[in-house]
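Working notes, beginning with the structure itself.
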Amino acid sequence: MAREHRPSQPKEKKEFEERVVAVDRVSRTVKGGKRMRFRALVVIGNRAGKVGMGIGKAGDVQGAIAKAVSQAKKHLIVVPIVNETIPHEATTKFGAATVFLKPAPTGTSIIAGGPVRAVIELAGIHNILSKIIGSTNQINNVTATLQTLARLRLGAHQTQAPVESALKPTASITEESV
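Counting in this note's numbering, the sequence shown runs from 801 upward without gaps.
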């Protein structure tokens, strides 16, 4: 007897892209020795101004990544983006990590190292200069980067999206309004 062919369901497009920044094997000392687990640091973003970070621990790597993604979805921030870069310079210190971000002209691309690059790419920023000073701890560097991006504000002369009101014709004066 032949099997029925079922059409496959189209896969849902993921709302966020995820990037595993670090996976570490951590241990806890118990009576019988050491208990090994895995810790995953994951950054998620939609490349359109939303980005988040999560840390998950589990007995296996896949479980740790799944927990980290779940936590990252609960801690999203919105990043103001102007002309594919950030609106102004910003510096934040978290622990021993200091992260400096500076807007760059179009065509510069992303000049950033390691964990900062992952956050910036997933936020949707295309032109930026950055510098990590102090700590090499990836968790602190990602956290400092997210805090820096969260502190950014648009200026009075800056707009996040193209202004459509400038393209609309102005209202003409009619006899009724006079």
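Note that the Cβ used here is the ideal one computed from N, Cα and C, for glycine as well. Because the structure is a prediction, the values reported are computed rather than measured.
Practice task
Note down, in chain order, each residue of its chain lying with its Cβ closer than 6 angstroms to the Cβ of V826, except the 5 sequence neighbours on either side.
Solution key: As a position in the sequence shown, residue 826 is number 26, starting the count at 1. R837 and R839.
Handout entry: Of the listed residues E889, I911, G845 and I844, nearest to L952 (C-alpha basis)
Key = On the sequence shown, residue 952 is found 152 positions in, with the first residue counted as 1. Nearest of E889, I911, G845 and I844 to L952, Cα basis: E889.
Practice task
Alpha carbon to alpha carbon, how far is N941 from I925? Give it in angstroms, no decimals.
Solution key: Walking along the sequence shown from the start, residue 925 turns up at place 125. Walking along the sequence shown from the start, residue 941 turns up at place 141. C-alpha of I925 to C-alpha of N941: approximately 17 angstroms in a straight line.
Practice task
Within its chain, find whatever has a CB closer than 7 angstroms to the CB of I932; leave out the 5 residues flanking it on each side and keep chain order.
Solution key: In the sequence shown, counting from the first residue as 1, residue 932 sits at position 132. Scanning its chain for C-beta atoms nearer than 7 angstroms, with the 5 sequence neighbours on each side dropped, one finds around I932 the residues A897, V899, G913, V916 and N941, in chain order.
Practice task
Determine the contact status of T908 and I928, defining contact as a CB-CB distance below 9 angstroms.
Solution key: Numbered from 1 along the sequence shown, position 108 holds the residue referred to as residue 908. Numbered from 1 along the sequence shown, position 128 holds the residue referred to as residue 928. At a Cβ-Cβ threshold of 9 angstroms, T908 and I928 count as neighbours.
Practice task
Could you say which of V830, M853, A864 and G863 lies nearest to H875 if we only look at CA atoms?
Solution key: In the sequence shown, the residue the question calls residue 875 occupies position 75. For H875, the closest C-alpha among the options V830, M853, A864 and G863 is that of M853.
Problem - DSSP three-state assignment for R909, whether helix, strand or coil - result: Sequence index remark: in the sequence shown, residue 909 carries index 109 (1-based). According to the sequence displayed, residue 909 carries Ser and not Arg. In this structure, S909 counts as coil in the three-state DSSP scheme.
Handout entry: Ranges of the beta strand (DSSP E) found wholly within the region 815-863, counting only runs of at least 3
Key = Here the runs fully enclosed are 817-830, 833-845 and 850-858.
Practice task
Spatial neighbours of E818 within its chain, please: CB distance less than 6 angstroms, with the 5 preceding and 5 following residues excluded, ordered by chain position.
Solution key: Within the sequence shown, the letter at position 18 stands for residue 818. Within the same chain, Cβ atoms closer than 6 angstroms to the Cβ of E818 are found at V842, I844 and V869, the five residues on either side in sequence being excluded.
Handout entry: Euclidean distance between Cα positions of V861 and T829
Key = In the sequence shown, the residue the question calls residue 861 occupies position 61. In the sequence shown, the residue the question calls residue 829 occupies position 29. So the alpha carbons of these two residues sit roughly 20 angstroms apart.
Handout entry: According to DSSP, residues forming a beta bridge with P903
Key = Position 103 of the sequence shown, counted from the start, is the residue given in the question as residue 903. Its beta-bridge partners are I928.
Exercise for the section: Just confirm the distance between the C-beta atoms of Q938 and V821, as a whole number of angstroms; I'd bet it's less than 8 angstroms. Expected result: The residue given as residue 938 occupies position 138 in the sequence shown. The residue given as residue 821 occupies position 21 in the sequence shown. Right, the Cβ-Cβ distance comes to about 6 angstroms (below 8 angstroms), so this counts as a contact.
Handout entry: The alpha helix (DSSP H) enclosing T891, as first and last residue numbers
Key = Here residue 891 is taken as the residue at index 91 of the sequence shown, counted from 1. Judged by DSSP secondary structure, T891 falls outside any alpha helix (DSSP H) and instead within the beta strand (DSSP E) spanning A890 to F894.
Practice task
Taking only the alpha-carbon atoms, compute the straight-line gap between L922 and I881 and give it to the nearest angstrom.
Solution key: Taking the first residue of the sequence shown as 1, we reach residue 922 at position 122. Taking the first residue of the sequence shown as 1, we reach residue 881 at position 81. Straight-line spacing of the CA atoms in L922 and I881 works out to 12 angstroms.
Practice task
Report back the beta-carbon spacing between L954 and S930 to the nearest angstrom; my notes put them in contact at under 8 angstroms.
Solution key: The sequence position of residue 954 within the sequence shown is 154, counting from 1. The sequence position of residue 930 within the sequence shown is 130, counting from 1. Distance from L954 to S930 at the Cβ level is roughly 20 angstroms; contact not present, criterion being Cβ atoms closer than 8 angstroms.
Practice task
Please report the residue range of the alpha helix (DSSP H) in which Q949 lies.
Solution key: For the purposes of this step, residue 949 is identified with residue 149 of the sequence shown, where counting begins at 1. Checking the sequence, you will find Leu at residue 949 rather than Gln. Annotation for L949: the continuous alpha helix (DSSP H) segment containing it runs Q938 to A950.
Handout entry: Residue range of the unbroken beta strand (DSSP E) whose run includes I877
Key = As a position in the sequence shown, residue 877 is number 77, starting the count at 1. Note, I877: beta strand (DSSP E), L876 to V878.
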